[in-house]
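Below is one structure; the comments refer to it alone.
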Amino acid sequence: MKKIKPLIAGNWKMHGITRNIKEVRKMNTALAKKSKSIKCDVMICPPATLLHRLAQTPKSRIIFGGQDCHTAEQGAHTGDISASMIKDAGGKAVILGHSERRTDHNETSKQVCAKAITAHEAGLHTIICVGESLKERKAGKTLTIIRQQLRGSLPDDCTAHNTTIAYEPIWAIGTGLTPTLDEVAAVHKSIRAALTKRDTASMRILYGGSVKPSNARELLSVPNVNGALVGGASLTATDFLKIIDTYAEGSK
Ligand code: PGA
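Residue numbers (our numbering): 1083 to 1334.
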């Protein structure tokens, strides 16, 4: 399998107005100073209102992305945004199928898959999220649910180049709770085993759900964890940089 370059991606959710741009400036300045030693890609997915502005950041070490897109390329869909609009605003990627979208907007894996196809056609990288509820975990259904979501959400055209998977147990998101390292390892191993095609074998698999500076090192050391999708701790430069530092050369 090809060597996988990890990714630390920040999901700002519905947080962030113009004054938060200074956090991104701080992150970029700090990253520029140690740019050679950081061995991972860094991404921030801000709210759509900030994307264009952030994507203009000169010489940014951070790449920017959207948090969702519509299945259609354009049309009469009030309030929605398309993959090509994200691309036009300077975005390089889009998060799809986040559990908050699956819950708040009743998004199905079939819709996530349709969105991914449109996003890939627009030239965006997709971060496709999967994850089980606490009820499903307690019922011992975690791996079955994850496999179902993967089968339904990943389009046939997905490759390690255009797609990243994020495993986010729903009960760990924003709660401060995290699965044990063995539990994370078991899910990531199962996802890796499902990526059997040559083009998908080296796809990145991120862990997400209450990743913070204090637990990043151990979570990111789990086999088949190729980075993190970070919510709350991506909002401030100090915390996000500490998480990114896990991948700094020589860092222990
Ligand atoms: P959290 O969110 O880090 O705040 O738990 C992660 C996510 O929902 O992507």
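The beta-carbon is built from N, C-alpha and C at its ideal position, and this holds for glycine as well.
Beta-carbon proximity list for residue i, same chain, < 8 Å, skipping 5 on both sides
i: Asp1270; result: As written in the sequence, residue 1270 is His, which differs from the Asp given in the question. Correct list, in chain order: Tyr1249, Ile1287, Tyr1289, Val1304, Pro1305, Asn1306 and Val1307.
i: Ala1114; result: Lys1141 and Arg1143
i: Met1116; result: Sequence check: residue 1116 is Lys here, not Met. Correct list, in chain order: Ala1330.
C-beta contact flag for residue i and residue j at 7 Å
i: Gly1234; j: Ser1191; result: yes
i: Gly1309; j: Pro1088; result: yes
i: Lys1169; j: Gly1213; result: no
i: Tyr1329; j: Lys1121; result: yes
i: Thr1139; j: Thr1200; result: no
i: Lys1197; j: Cys1151; result: yes
i: Ala1171; j: Leu1133; result: yes
i: Ala1050; j: Leu1277; result: Residue 1050 is absent from the model: the chain starts at 1083 and stops at 1334.
i: Leu1175; j: His1207; result: Inspection of the sequence shows that residue 1175 is occupied by Ala rather than by Leu. In contact: Ala1175 and His1207 (Cβ atoms closer than 7 Å).
i: Ile1247; j: Ile1227; result: no
i: Leu1136; j: Pro1129; result: no
Integer Cβ distance of residue i from residue j, believed to fall under 8 Å
i: Ser1292; j: Ile1126; result: That pair is no contact at about 18 Å.
6 Å Cβ shell around residue i - same chain, five flanking residues per side excluded
i: Gly1222; result: none
i: Lys1324; result: Pro1295
i: Ala1319; result: Glu1105, Lys1108 and Met1109
Start-to-end residues for the beta strand (DSSP E) that takes in residue i
i: Gly1234; result: Where Gly1234 is concerned, there is no enclosing beta strand (DSSP E), although the alpha helix (DSSP H) it sits in stretches over Thr1224 to Ser1235.
i: Leu1288; result: Arg1286 to Gly1290
i: Thr1208; result: His1207 to Val1212
i: Ile1255; result: Unbroken run through Ile1255: none, as it is neither H nor E.
i: Met1125; result: Asp1123 to Cys1127
i: Leu1145; result: At residue 1145 the sequence reads Ile, which differs from the Leu that was named. First-last of the beta strand (DSSP E) with Ile1145: Ile1144 to Gly1148.
i: Asn1093; result: Leu1089 to Asn1093
Span of the alpha helix (DSSP H), counted from its first residue to its last, around residue i
i: Cys1195; result: Ser1191 to Glu1203
i: Thr1364; result: Residue coverage of the chain in this structure runs from 1083 to 1334, which leaves residue 1364 outside it and unanswerable.
i: Leu1133; result: Ala1130 to Ala1137
Cutoff 7 Å; reference residue i; Cβ partners in own chain excluding five residues on either side
i: Gln1231; result: Ser1191 and Val1212
i: Pro1261; result: Pro1251 and Ala1254
Between the segment 1155–1165 and the segment 1184–1196, do at least 3 Cβ pairs fall closer than 8 Å? Taking 8 Å as the limit for Cβ pairs, the verdict is that the segment 1184–1196 does not touch the segment 1155–1165.
How do the segment 1094–1112 and the segment 1291–1304 stand: do at least 3 beta-carbon pairs fall below 8 Å, yes or no? Contact between the segment 1094–1112 and the segment 1291–1304 is absent, because fewer than three Cβ pairs lie under 8 Å.
Below 8 Å, can you find three or more Cβ-Cβ pairs linking the segment 1166–1182 to the segment 1217–1227? A contact is defined here as three or more CB-CB pairs under 8 Å, and the segment 1166–1182 fails this definition with respect to the segment 1217–1227.
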